[in-house]
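A.B. asks:
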Amino acid sequence: MTSAADSSASASGALLTGEFAFTDANFREIARIAKAEAGIDLPQSKATLVYSRLAKRLRALGIRSFSDYCTTVRENDDERNSMIAALTTNVTRFFREPHHFEHLRKSIIEPIAESARRGNRVRLWSAACSTGQEPYSMALTVLSVIPEAASLDVRILATDLNPHVVAHGRRGCYQKEEVADVPAGLRSSWFGPDPENPGGSTLRVDDDVRSLISFQELNLMGAWRFKGPFDAIFCRNVVIYFDRETQNTVWSRLTSLLKENGALYIGHSERVAGQATALLTTDGITTYRKKNGRPS
Ligand SMILES: C[S@@+](CC[C@H](N)C(=O)[O-])C[C@H]1O[C@@H](n2cnc3c(N)ncnc32)[C@H](O)[C@@H]1O
Numbered sequence: 002m003t004s005a006a007d008s009s010a011s012a013s014g015a016l017l018t019g020e021f022a023f024t025d026a027n028f029r030e031i032a033r034i035a036k037a038e039a040g041i042d043l044p045q046s047k048a049t050l051v052y053s054r055l056a057k058r059l060r061a062l063g064i065r066s067f068s069d070y071c072t073t074v075r076e077n078d079d080e081r082n083s084m085i086a087a088l089t090t091n092v093t094r095f096f097r098e099p100h101h102f103e104h105l106r107k108s109i110i111e112p113i114a115e116s117a118r119r120g121n122r123v124r125l126w127s128a129a130c131s132t133g134q135e136p137y138s139m140a141l142t143v144l145s146v147i148p149e150a151a152s153l154d155v156r157i158l159a160t161d162l163n164p165h166v167v168a169h170g171r172r173g174c175y176q177k178e179e180v181a182d183v184p185a186g187l188r189s190s191w192f193g194p195d196p197e198n199p200g201g202s203t204l205r206v207d208d209d210v211r212s213l214i215s216f217q218e219l220n221l222m223g224a225w226r227f228k229g230p231f232d233a234i235f236c237r238n239v240v241i242y243f244d245r246e247t248q249n250t251v252w253s254r255l256t257s258l259l260k261e262n263g264a265l266y267i268g269h270s271e272r273v274a275g276q277a278t279a280l281l282t283t284d285g286i287t288t289y290r291k292k293n294g295r296p297s
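Per the numbering used here, residue 2 is the first one in the sequence shown, and the count goes up by one each step.
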C-alpha cells in the first residue's frame, strides 16, 4: 500500500493503493458515517488506519473494492454496525491509571460503605468499558472495601458501543498475563480457573464479581436508558475520538447523571470543558467531583 502522497494514485482519485481500491470519496463517506453514528472523528490522517481496519471486513465479505463496500454499508445496517465496531480502538487493561481506583476506594466507596451495608443504593458506571477490565477493576475496588457487596444494592453498569467487547466483558475470561496487573491480594481472592479452559492460559473472574456488573451495549451518541444517579462514572479514553463539541455534550450529559459529590474519572489526555465545568470541581489528576447545590 502506498501513501496518500502517491501522485499517480491521486490522479485517479485513489487515496491509497493496495489490495483494495480506496478513493477519497470512499474515505469521506466512511468518515461521515463514523461521525454521525458514533461521534468518531476521522481526519484524513487516519486514512491508513481506516484502510487496514476495514480491509479485514472486505476480505471476510469477499468484496473487491471500498466502493463496493460503501454500497454494502449503505444497504445493510448490520454491516454498518460491524464497520463502526471495526473502527473502534479497544485498548484497555486492569487498573489502568491506578490513581483513579485509589480515589474511588478512599473518596467514594469507603465513605458510603456503612450506608451500603444498611441497604442504600450504590451505582457506578463504566461508560466505555471495552473488554471489561475497567468495570472489573471498579468491582474489585468495591469488594476490597465491602466484600459482601454482591448481596447488597451495589451495581456497576458497564456499556460500550462495540458488541464484541461487551460480550468479552460479560464472559469475564482473561489471559493470565493481563490479570497480572491486578493487585496480588485481589487476584488470589477473585479469579479462578476458566471453566471452558481449565489449566489453560486464561482465568475467569469469580461469580461474586461478575454479578455486580451489568454489561450492555450503549452508544454514547444515542439515547441513554439509564437515569442514575451514579456515585461515580468512569468515561476514560473514549471522548478523545470525538470532536470538541461532541466531547462537551458528553461531559454535560454524564455530569447530569452524577450524584452530588459523585466522581467523574476521565482519560489522562482528556479535559472536561463546556457547560459541565460549572457543575464540577477538580479533585486530583483527571478526577472531578460534582459540586453541591446550584451551579455558580
Ligand atoms: C480505548 S477504549 C477505552 C476503554 C476503557 N475506558 C479504558 O480507558 O481503558 C475506547 C472504547 O470506547 C468505545 N466507544 C467508541 N465510541 C463509542 C460510542 N460512541 N459510544 C460508546 N462507546 C464508544 C470503543 O468501542 C472502545 O471500546
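Glycine included, C-beta positions come from ideal geometry on N, C-alpha and C.
Are Pro136 and Ser145 close, meaning C-beta to C-beta below 8 Å?
C.D. replies: no
A.B. asks: Once the 5 residues before and after Val74 are set aside, which same chain residues still bring their CB inside 6 Å of it?
C.D. replies: Glu80, Arg81, Met84
A.B. asks: Less than 8 Å between the C-beta atoms of Lys228 and Ser202, yes or no?
C.D. replies: no
A.B. asks: Does at least one heavy atom of ligand 1 sit under 7 Å from the Cβ of Glu135?
C.D. replies: The beta carbon of Glu135 sits closer than 7 Å to at least one heavy atom of ligand 1.
A.B. asks: Please classify Lys107 as buried or exposed, where buried requires at least 16 neighbouring CB atoms within 10 angstroms.
C.D. replies: exposed
A.B. asks: Counting Cβ pairs, one atom from each stretch, are 3 or more of them under 8 Å apart for the stretch 109-123 and the stretch 231-240?
C.D. replies: yes
A.B. asks: Closer than 8 Å is the cut-off here; do at least three beta carbon pairs connect the stretch 210-220 with the stretch 148-157?
C.D. replies: yes
A.B. asks: Any heavy atom of ligand 1 closer than 7 Å to the Cβ of Val183?
C.D. replies: no
A.B. asks: For the alpha helix (DSSP H) that contains Lys107, what are its first and last residues?
C.D. replies: First-last for Lys107: undefined, no H or E at that position.
A.B. asks: Which residues bound the alpha helix (DSSP H) around Gln300?
C.D. replies: One cannot answer for residue 300 here, as it falls past the ends of the chain, which runs 2 to 297.
A.B. asks: With 16 other CB atoms within 10 Å as the buried threshold, where does Thr3 fall?
C.D. replies: Residue placement at Thr3 is flagged as unreliable, the pLDDT there being 44, under the threshold of 50; the coordinate-derived value follows with that caveat. Under this definition Thr3 is an exposed residue.
A.B. asks: Let me check you understand the geometry: is the CB of Gly40 closer than 7 Å to at least one non-hydrogen atom of ligand 1?
C.D. replies: yes
A.B. asks: Could you pull out every residue in the same chain whose Cβ sits closer than 8 Å to the Cβ of Met222, ignoring the five residues on either side in sequence?
C.D. replies: Glu38, Ala39, Gly40, Thr247
A.B. asks: Just tell me which of Ala140, Ala86, Thr72, Asp25 has its CA closest to the CA of Glu218.
C.D. replies: Ala86
A.B. asks: Among Asn163, Leu88, Glu149, Gly14, which residue has its Cα nearest to the Cα of Arg119?
C.D. replies: Comparing Cα positions, the closest option is Glu149.
A.B. asks: State the Cα-Cα distance for the pair Ile286 and Arg237, rounded to the nearest angstrom.
C.D. replies: 13 Å
A.B. asks: Using only the alpha-carbon positions, how far apart do Ala26 and Arg54 sit?
C.D. replies: 17 Å
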